[in-house]
Amino acid sequence: MTPMDTSHSSIPRIQDENNTRAAGDEQLAHVSRMNLENRNKWNEIINQLSNWWKNPLQLIWDNDFTPPSRDVIDFAFREAVQWRDKNCGAFDRVAPDGEGGITFEAYRGSQHESLTINADLTREFLRFENCRLVESFLF
Amino acid sequence: MRGELQTIADDEILYRRIPVNYYDPQSVPPIMMVAFRPNEHDKTGLSLDRKLFVTPEESAAFGREGCEFYIAVLCAKDLRDCGMEVNPKPLPGKPGHAEISNLTYDNKKGIRQKEWRDMLATRLCREIMGPFPGKTKATS
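Those protein sequence lines, which keep their order, are chains A and B. Residues are numbered in the working numbering as their position in the first sequence, beginning at 1, plus a constant of 1036. Residues are numbered in the working numbering as their position in the second sequence, beginning at 1, plus a constant of 353.
Rendered as structure tokens:
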């Protein structure tokens, strides 16, 4: 699966060129190492979500800040596990959006991707190239 | 001084309060785009504070007590060059309040607005200061 796959059963992701190389043993080992690092990044996110689920009130980061419900955190958790197990490229960071949702963000050079799970469990994906929105959809 | 109150000069410095967890100095960029997402209280524009009126510590102090905040330092001209409208919006007890008046809760789904949020996170912060404590009693 390529990280750029936009099917809604997976997650669109910034492509990591290291994951797309195919050739000799060294490169296969490199790909394997990259996959392990990718999985570890997902596990960090999953552990973060699991920790938040135990006490969503820890996510009140300001006044007028609505933390995600346990349902939203659970949904994000399950999505992240699915993406990890499909070896989708991991996001760099995850945070509550202040409106009851959870946002994932990833940056690779001039590219930036954001996926928000809204409080109503709809999801919005955004992809920017040099701060220009080049892809956007709800699912 | 009267002119300074009513308009924001191009070279004026503005502060945006950032919850501490939206900032990671090890990341590139260090601030998440979500830090510039208007919430339901930003009906007339994304909130900023004017350096003419407050210190970074005072700007952060408007945040929730018990939380910590970084202050993103912005320049009015940088925002205007990207198409953002920066205007004073004094509030009771916050005479130095300002806002990006064409980046609101209601229009945040617009393409330009999304691109501005990305620009704010990736290009337009001149400096990050803090963290500083929030000192405003919790409202929820």
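Where is the CB? At the ideal position from N, CA and C, for every residue including glycine.
- Inclusion of A/Asn1099 and B/Arg417 in the CB contact set at 7 Å is warranted, their separation being smaller than that value.
- For A/Phe1113, no beta strand (DSSP E) encloses it; the enclosing alpha helix (DSSP H) starts and ends at 1106-1121.
- Look at the segment 455-469 of chain B: the residues with a C-beta under 7 Å from a C-beta of chain A are Ile464, Lys467, Glu468.
- Sequence-distant partners of B/Met386 (beyond 5 residues in either direction) whose C-beta falls short of 7 Å from its own C-beta, in its chain, are Arg470, Asp471, Ala474.
- Under the 10 Å beta carbon count, B/Arg369 is surrounded by 16 or more other beta carbons and is classified as buried.
- Counting C-beta pairs closer than 8 Å gives fewer than three between the segment 433-451 of chain B and the segment 372-390 of chain B, which falls short of the contact rule.
- Between B/Glu365 and B/Ala429, the gap from beta carbon to beta carbon is short of 7 Å.
- Residues of chain B whose Cβ lies closer than 7 Å to the Cβ of A/Asp1107 do not exist, since the nearest Cβ in that chain is about 19 Å away.
- Scanning chain B for C-beta atoms nearer than 7 Å to the C-beta of A/Asp1128 yields Ser380, reported in chain order.
- According to the DSSP assignment, A/Gln1063 belongs to the alpha helix (DSSP H) that extends over 1061-1090.
- Below the 9 Å Cβ cutoff, chain A contributes Ile1096, Trp1097, Asp1098, Asn1099, Phe1101 as neighbours of B/Cys420, in chain order.
- When C-beta distances to chain A are compared with 8 Å, the residues of the segment 380-405 of chain B below that value are Ser380, Val381, Pro382, Met385, Met386, Val387, Arg390, Asn392, Glu393, His394, in chain order.
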